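Residue numbers (our numbering), protein chains in the order written: chain A, 1 to 115; chain B, 116 to 231.
Using N, Cα and C, we set each Cβ at its ideal position, and we do this for glycine too.
This structure is a prediction, so every number in the text was calculated from the model and none was measured.
Okay, structure first, notes after.
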C-alpha cells in the first residue's frame, strides 16, 4: 500500500530563516509521481510541483527547492529566506503510474513564519 | 480563467436532510475526484470519475453518492447526512493521459460542511 509520512506536524520559523519540510513515502511501484501542495489560511489547495520517479534532479523555483532521493524514499521541500506569506499547511502526495489513481496525501505540515 | 468551482462554499445543515455539493470545471478534464479533509487525517478520496458515466469508490465512500452525466460536472450527494460527515470537501480535476501517467490535479476552493 502507498503511504506518505510528514513527520513534522507544525514548524515555526522567524522570517528570513530557511526551512525544510520533510516527506517520506512508501510504494511498491517502480514508477510513481510525487506532488507538493500548499494550503494557505484561505483554504484553497495550490499545486506547487509534480515529480516522477525517474527524475531525481533537484528542482528550484525561486525561493522554493525540492530534494528527491529515491535511496531514502524522500521528497523534501525547502523554503529559502522564508516570508510571512509562506505561512500555510503544506501537503506532500503520492500517486502511482496507473493513470489518475487517487492521490495519497500526507497529513500535512503547518508552517508559521513569524515577522 | 481555468478553474474548478464548487457550490456552496459553506453549508450548515441537519442530520438526514439530503444535500448536493456541485463541482464544475472548465478545462475539459476527463478525471474528476472528491476528497474530504479532516484535522489530523489529511485529505482522503471519496469518489472519482475517469470520464462521463464512469465513477468509482475511493478510500471513504460510505454515505456519499456521485454522478457524472456531463464531462464538466461532478456533484457530490449526501442522501442522509450525519454529523461525522462534517468536514471540508474538495473537488479536483485533471487530464487523463489514458493510464500513462497521472496529471496534476487542480482543486476547487473547498466546501465547508457542518452537519448538526
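- The CB of residue 219 of chain B comes closer than 8 angstroms to the CB of 35, 47 and 50 in chain A, given here in chain order.
- Within the model, the alpha-carbon separation for residue 8 of chain A versus residue 71 of chain A is close to 21 angstroms.
- The way I'd put it, the segment 119-139 of chain B doesn't touch the segment 167-174 of chain B; fewer than three beta-carbon pairs between them come closer than 8 angstroms.
- Listed in chain order, the non-local C-beta contacts of residue 12 of chain A below 7 angstroms within the same chain comprise 112 and 114, local neighbours out to five positions each way being set aside.
- Nearest to residue 46 of chain A by alpha-carbon distance, out of A/110, A/88, A/95 and A/5, is A/88.
- Against chain A, the beta carbon of residue 191 of chain B has no neighbour under 8 angstroms; the closest one sits roughly 15 angstroms away.
- Taking each of A/56, A/96, A/49 and A/102 in turn and checking the Cα distance to residue 29 of chain A, the smallest one comes out for A/96.
- For residue 111 of chain A, no CB of chain B lies under 8 angstroms from its own CB, so it is not counted at the interface with that chain.
- In the structure shown, the three-state DSSP call for residue 53 of chain A is coil.
- Contacts with chain B (Cβ-Cβ distance below 9 angstroms) from the segment 68-93 of chain A involve 91 and 93, listed in chain order.
- For residue 229 of chain B, the closest C-alpha among the options B/202, B/140 and B/152 is that of B/202.
- Residue 46 of chain A has A/38 as its beta-bridge partners, per DSSP.
- Boundaries cannot be given for residue 8 of chain A, as no beta strand (DSSP E) includes it and DSSP labels it neither H nor E.
- Note on geometry: alpha-carbon atoms of residue 144 of chain B and residue 187 of chain B lie some 7 angstroms from one another.
- Contact check for residue 128 of chain B against residue 196 of chain B passes: the beta carbons are separated by less than 8 angstroms.
- Contact of residue 102 of chain A with chain B by beta-carbon distance below 8 angstroms involves 148, 160, 163, 173 and 174.
- Residue 160 of chain B sits close to residue 150 of chain B, with the two beta carbons spaced by under 8 angstroms.
- Taking C-beta atoms under 8 angstroms as the contact rule, residue 79 of chain A and residue 19 of chain A qualify, at a distance of about 5 angstroms.
- Rounded to whole angstroms, the separation of the alpha carbons of residue 77 of chain A and residue 64 of chain A is 7 angstroms.
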